[in-house]
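Q:
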Ligand code: SDX
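In the working numbering, the protein residues as written are 6 to 432.
Now the structure itself:
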């Protein structure tokens with residue numbers, strides 16, 4: 006690979022350094038481009054633009070590869086657990102048994118949320134979308150933890166990681182409890198992290214809560230699959246907000262808002278709503294595939310396509326199998342799963358989708374499992390956020406420890422040139 010790239014502009018040649026990542030990604034370093042040439046690049050949606058060097062997650066969209074800190078998603082989903090993967094993402098290595106136990110115990114130090122947070126929660130109408138409530142409550146945590154994290158103090162940073170992991174899931178489940186008019190539950194430090202999610206969500210004071218270990222195992226796997234995905238929209242948001250040295254809670258809150266969008270994490274809710282609409286309209290998937298292909302129709306096949314994967318999203322493959330396993334184990338026969346499989350088959354045989362490399366993504370099947378677990382559709386993206394939390398933390402930590410500059414893109418101005426003010430009486 007050549008060490009430089011040559012750009013010719015106005016008859017002048019400019020050289021820019023080229024470097025190669027550990028998985029052979031080639032980057033042209035244009036840090037000095039504007040100073041040398043007076044020109045900038047433009048790249049809507051940053052489809053060709055790298056924002057950072059990162060050691061956390063590797064994706065190969067052509068090969069359908071996803072690895073966290075070098076470990077394949079298939080192995081981690083099959084052999085690890087969510088807290089162990091969270092430790093791996095944030096600290097870079099798989100923990101020893103002792104380190105993992107310590108991490109879980111240190112998270113437990115922070116699972117009690119300040120009671121005054123309930124006043125903020127109660128300020129929301131019961132109909133408020135849980136993602137909007139979660140983003141607000143996450144930002145509100147700053148009010149109870151006002152001291153900015155000194156990222157150069159290893160213990161302070163470690164404690165901030167544990168505090169975020171401890172409190173975020175609790176307030177996330179509160180969004181559901183508020184919506185249902187249920188009393189708010191407390192984390193039980195004698196139980197596991199994912200078990201606590203199920204209890205926090207569904208345990209009611211009038212009867213003992215029966216934990217379904219199959220559901221806990223499936224949810225643990227789903228959280229692993231959602232844990233990180235390099236520089237996606239919400240993670241890039243967390244990094245750019247954090248680059249101004251805004252706090253960790255404020256940065257995560259911004260990430261929650263970005264994830265909410267239906268083109269991003271909000272797609273898992275949109276997929277279920279789409280499948281339900283197809284089902285309610287007689288199950289005619291061909292009609293919806295035609296709508297998705299019609300440029301005049303804004304309808305898109307939710308859960309299909311991906312900015313990076315131009316092959317199967319490896320997570321979708323794992324979740325599709327998990328959906329089959331969970332529904333079989335629970336004895337659930339969900340017509341929406343049948344519609345999803347039929348839709349996938351029709352789309353994958355259709356030239357429009359093949360020509361654009363549109364395959365099912367992580368959101369296409371996850372909602373089917375959540376639905377079988379009795380999780381309400383408006384909570385699906387909240388579950389995505391709970392899974393993505395360690396990835397957001399890991400990426401924020403890496404950006405701060407690498408002392409990256411504040412994110413501030415340039416633009417190409419296409420507006421009016423200088424013009425004189427006209428007094429209102431003359432307009
Ligand atoms: C996530 O980035 C990440 O890593 C995200 C994520 C993560 O873990 O963080 O993986 C999670 O967000 C997954 C994606 C969930 N979103 C959806 O399922 C929403 C539906 N998908 C699309 O909106 C779309 O595919 C995107 C947003 C995911 C990607 O869009 P791109 O990369 O900007 O592609 P594009 O919009 O330029 O589309 C390219 C072509 C266009 O057609 P042409 O103009 O070339 O004729 O493909 C078409 C699009 O119209 N197209 C679709 C389509 N997705 C793209 N047509 C119909 N249905 C779709 N779903």
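Glycine included, each C-beta is placed from N, C-alpha and C at the ideal position.
Confirm the yes/no value for this check: CB of residue 316, any heavy atom of the ligand SDX, distance under 6 Å.
A: No, since every heavy atom of the ligand SDX falls outside the 6 Å radius drawn around the Cβ of residue 316.
Q: What are the uninterrupted segments assigned as alpha helix (DSSP H) that are 4 or more residues long and contained completely in the region 131–196, given in chain order?
A: Those alpha helix (DSSP H) runs which fall completely within the region 131–196 and span 4+ residues are 135–149, 159–185.
Q: Under 8 Å by Cβ, that's how I've got residue 233 and residue 62 pegged, so tell me the actual separation to the nearest angstrom.
A: At roughly 5 Å, the Cβ-Cβ gap stays under 8 Å, so residue 233 and residue 62 are in contact.
Q: Ends of the alpha helix (DSSP H) at residue 377?
A: 367–377 is the span of the alpha helix (DSSP H), which, as asked, contains residue 377.
Q: For a quick check, are the C-beta atoms of residue 134 and residue 389 less than 7 Å apart?
A: No, the Cβ-Cβ distance between residue 134 and residue 389 is not below 7 Å.
Q: Count the other CB atoms, across all protein chains shown, that sit within 10 Å of the CB of residue 423; report buried if there are 16 or more and exposed otherwise.
A: Classification for residue 423: exposed.
Q: For residue 226 and residue 146, what's the separation of their Cα atoms in angstroms?
A: Each residue's Cα considered, the two are about 28 Å apart.
Q: If we ignore side chains and look at the alpha-carbon of each, how far apart do residue 343 and residue 314 end up?
A: Taking the straight line from one Cα to the other gives about 24 Å.
Q: Buried or exposed: where does residue 249 fall if 16 or more other Cβ atoms within 10 Å of its Cβ makes it buried?
A: By the 10 Å Cβ count, residue 249 comes out exposed.
Q: Below 8 Å on the Cβ atoms is my contact criterion, and I expect residue 321 with residue 369 to pass it. Report the Cβ-Cβ distance as a whole number of Å.
A: So it is a contact: roughly 6 Å between Cβ atoms.
Q: Does DSSP put residue 39 in a helix, a strand or coil?
A: Residue 39 falls in the helix class under three-state DSSP.
Q: Whose C-beta lies closer than 7 Å to the C-beta of residue 275 among residues of the same chain, with five residues either side of it excluded?
A: Result list for residue 275: 267, 307, in chain order.
Q: So, helix, strand or coil for residue 414, using DSSP?
A: In the structure shown, residue 414 sits in coil (DSSP, three-state: anything other than H, G, I, E or B).
Q: Just how far apart, CA to CA, sit residue 16 and residue 47?
A: Going by the C-alpha atoms only, they are around 21 Å apart.
Q: Among the candidates 83, 426, 70, whose CA atom is the shortest distance from the CA of residue 327?
A: Among 83, 426, 70, the Cα nearest to that of residue 327 is on 83.
Q: If you measure from the CB of residue 297, is any heavy atom of the ligand SDX nearer than 6 Å?
A: Yes - the ligand SDX has a heavy atom lying nearer than 6 Å to the Cβ of residue 297.
Q: Quick one: residues in its chain with C-beta nearer than 7 Å to the C-beta of residue 258, no 5 flanking neighbours on either side, listed in chain order?
A: Here the set comprises 140, 143, 144.
Q: Do the CB positions of residue 256 and residue 247 come within less than 7 Å of each other?
A: The answer is yes: Cβ separation under 7 Å.
Q: Using the Cα positions of residue 412 and residue 366, report the straight-line distance between them to the nearest angstrom.
A: Distance between the alpha carbons of residue 412 and residue 366 is about 29 Å.
Q: Given that a residue counts as buried once 16 or more other Cβ atoms are within 10 Å of its Cβ, and exposed if not, what is residue 427?
A: Its Cβ having fewer than 16 others within 10 Å, residue 427 is exposed.
Q: Among 200, 205, 201, which residue has its Cα nearest to the Cα of residue 185?
A: Checking every option, the nearest Cα to that of residue 185 belongs to 205.
Q: Between the region 351–363 and the region 294–305, are three or more C-beta pairs nearer than 8 Å?
A: As far as the Cβ criterion goes, the region 351–363 touches the region 294–305, which means the pair count is three or higher.
Q: With distances taken from CA atoms, which of 238, 197, 212, 116 is nearest residue 218?
A: Out of 238, 197, 212, 116, 197 has the C-alpha closest to the C-alpha of residue 218.
Q: Let me confirm a value: residue 292 is counted as buried when at least 16 other C-beta atoms fall within 10 Å, else exposed. Which label applies?
A: By the 10 Å Cβ count, residue 292 comes out exposed.
Q: Beta strand (DSSP E) containing residue 113: first to last residue?
A: Unbroken run through residue 113 is the alpha helix (DSSP H), 102–113; no beta strand (DSSP E).
Q: Would you kindly report the start and end of the unbroken alpha helix (DSSP H) that includes residue 320?
A: That run of the alpha helix (DSSP H) goes 319–334.
Q: From the DSSP output, in three-state form, read off residue 10 for me.
A: If DSSP states are grouped into helix, strand and coil, residue 10 belongs with the strands.
Q: If you follow the beta strand (DSSP E) that residue 280 is in, where does it begin and where does it stop?
A: Premise fails: residue 280 lies in the alpha helix (DSSP H), 272–285, not in any beta strand (DSSP E).
Q: Quick check on residue 395: buried or exposed, where buried means 16 or more other Cβ atoms within 10 Å of its Cβ?
A: Result: buried.
Q: Identify, in the order they occur along the chain, each residue of the same chain with its Cβ nearer than 8 Å to the Cβ of residue 309, setting aside the five sequence neighbours on each side.
A: Within the same chain, residue 309 has close Cβ partners 297, 352, 358, 363, 364, 365, 366, 369.
Q: Name the DSSP beta bridge partners of residue 72, please?
A: Paired residue(s): 63, 77.
Q: Contact defined as beta carbons within less than 8 Å: I believe residue 377 pairs with residue 337. What is the distance between those atoms, to the nearest angstrom?
A: Residue 377 to residue 337, Cβ: 5 Å. Contact.
Q: Can you find at least 3 beta carbon pairs, one from the region 371–387 and one from the region 70–77, that sit closer than 8 Å?
A: With a cut-off of 8 Å, the region 70–77 and the region 371–387 do not count as touching, because too few Cβ pairs lie within range.
Q: Run the CB neighbour count on residue 1, radius 10 Å, all protein chains shown included, and call it buried at 16 or more, exposed below.
A: Outside the displayed span of the chain (6 to 432) sits residue 1, for which this structure offers no information.
Q: Quick one: what's residue 32 bridged to in DSSP?
A: 24.
Q: Cβ of residue 291 within 6 Å of any heavy atom in the ligand SDX?
A: False, no ligand heavy atom lies under 6 Å from that Cβ.
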